[in-house]
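In terms of UniProt numbering, the sequence shown opens at residue 1 and continues consecutively. Glycine residues also receive a C-beta, built at the ideal position from the N, C-alpha and C atoms. On a predicted model such as this, the values are computed, not experimentally measured, just so you know. Heads up, the thing below is written out as structure tokens.
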Amino acid sequence: MIGLNGENPMNEIPLVSIVTPSFNQAAFLEETIRSVLEQDYPRIEYILIDGGSTDGSLEIIQRYANRLAYWVSERDRGQTEAINKGFARAQGSILAWLNSDDTYQPGAVREAVEFLRTHPEAGMVYGDGNFIDEHDRVIGRFPSAQTDLKKLRRGYVHVCQQSSFFRAGLWQEVGPLDPSFYFAMDYDLWVRLAQRAPLVYLPCTWANFRLHSDAKTINADDRCWPEMLRVHYRDGGKWLSPIVLKYYIRKLVAPLLNWRRRRLFTR
């Protein structure tokens, strides 16, 4: 549609670039793709970076290839590299990534963009997320809450990555993700973003965070906090600090946490 001044009004709407990194997630991949493509926001650039899956993911991707801005299926060094590869191609002014076993709620992108357009001081906006199981049943809520640089440095993260949208200009200043991180690359990014602009929490449910037996949140959670401590010490943090104390407390209660998680998948 062309406006009265001869300009295309669609150009006034920010382009949102969403990257999905994937590897052997055929069981959930199509649902993830559909949750992006069925958003009611009109300008989404969807990029899918597959790590050379052998489980039928390629056939799923090819079914939607004409609706993707870019996709590739080739061996890589994991999730962090895949996200960086995707953002290197992104043209949008707002960025997000959605893992291939997670999903967006209807209206999530539109609501996030509306907030960022009316709050130019915000560097990132994030909302709430449901924990869901492999059958899409809601089994809990992600504990999202307002955070800032000081709280992040103390280990109070409370950012649901799946419901996070940030400005491309800031990514160009602080990116890419550190490929040496397996688990806490998002925490590292939030810290770097918060050093430059506010991260704002909205109490809106924008995403679903899937927990299942093959998810790295379940299988490799013990790698998260040591990586967070790497960020802490890199930025001049001391050993006597809240984040270090939280790490040791978490180590003590890890057996109980793991037991509770195992129960989720044996019901």
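Next on the checklist: Does the structure place the stretch 235-255 close enough to the stretch 160-177 that three or more beta carbon pairs sit under 8 Å?
Outcome noted: Contact between the stretch 160-177 and the stretch 235-255 is absent, because fewer than three Cβ pairs lie under 8 Å.
Checklist entry - Between which two residues does the alpha helix (DSSP H) harbouring Trp-71 extend? => result As a working mapping, residue 71 is identified with position 71 in the sequence shown. Going by DSSP, Trp-71 is part of no alpha helix (DSSP H) but of the beta strand (DSSP E) stretching over 70-73.
Next on the checklist: Quick check for students: name the residue ranges of the beta strand (DSSP E) that lie wholly in the stretch 44-92, counting only runs of 3 or more.
Outcome noted: Segments of the beta strand (DSSP E) lying fully in the stretch 44-92: 44-50 and 70-73.
Checklist entry - Taking the alpha-carbon positions, what's the Arg-210 to Ser-22 distance? => result Against the sequence shown, residue 210 aligns to sequence position 210. Against the sequence shown, residue 22 aligns to sequence position 22. Counting only the Cα atoms, Ser-22 lies some 14 Å from Arg-210.
Checklist entry - Going by the beta-carbon positions, is the gap between Val-159 and Tyr-126 smaller than 8 Å? => result On the sequence shown, position 159 is the one that residue 159 refers to. On the sequence shown, position 126 is the one that residue 126 refers to. Remark: C-beta atoms of Val-159 and Tyr-126 approach each other more closely than 8 Å.
Item to check | Pro-226, DSSP secondary structure in three states | outcome: Here residue 226 refers to the residue found at position 226 of the sequence shown. Of the three classes helix, strand and coil, the one that applies to Pro-226 here is helix, per DSSP.
Next on the checklist: To the nearest angstrom, how far is the alpha carbon of Leu-193 from that of Asp-186?
Outcome noted: Position 193 of the sequence shown holds residue 193. Position 186 of the sequence shown holds residue 186. Distance between the alpha carbons of Leu-193 and Asp-186: 10 Å.
Next on the checklist: Excluding the 5 residues flanking Arg-77 on each side, which residues of the same chain have their C-beta closer than 7 Å to its C-beta?
Outcome noted: Residue numbering aside, residue 77 sits at position 77 when the sequence shown is read from its first letter. Excluding sequence neighbours, Arg-77 sits near Pro-179.
Next on the checklist: If I follow the unbroken alpha helix (DSSP H) through Ala-108, where does it start and stop?
Outcome noted: For the purposes of this step, residue 108 is taken as residue 108 along the sequence shown, with counting starting at 1. Note, Ala-108: alpha helix (DSSP H), 108-118.
Checklist entry - Sorted by chain position, which residues of the same chain lie with C-beta nearer than 7 Å to Arg-89's C-beta, five sequence neighbours on each side aside? => result Within the sequence shown, residue 89 is the residue found at index 89, counting from 1. Ile-47 and Tyr-70, listed in sequence order.
Checklist entry - Quick one: what does DSSP say Pro-242 is sitting in, helix, strand or coil? => result Counting from one through the sequence shown, the residue named residue 242 turns up at place 242. DSSP places Pro-242 in helix when its eight states are reduced to three.
Checklist entry - Would you call the stretch 104-119 and the stretch 37-45 in contact, with 3 or more CB pairs under 8 Å? => result Short answer: they touch.
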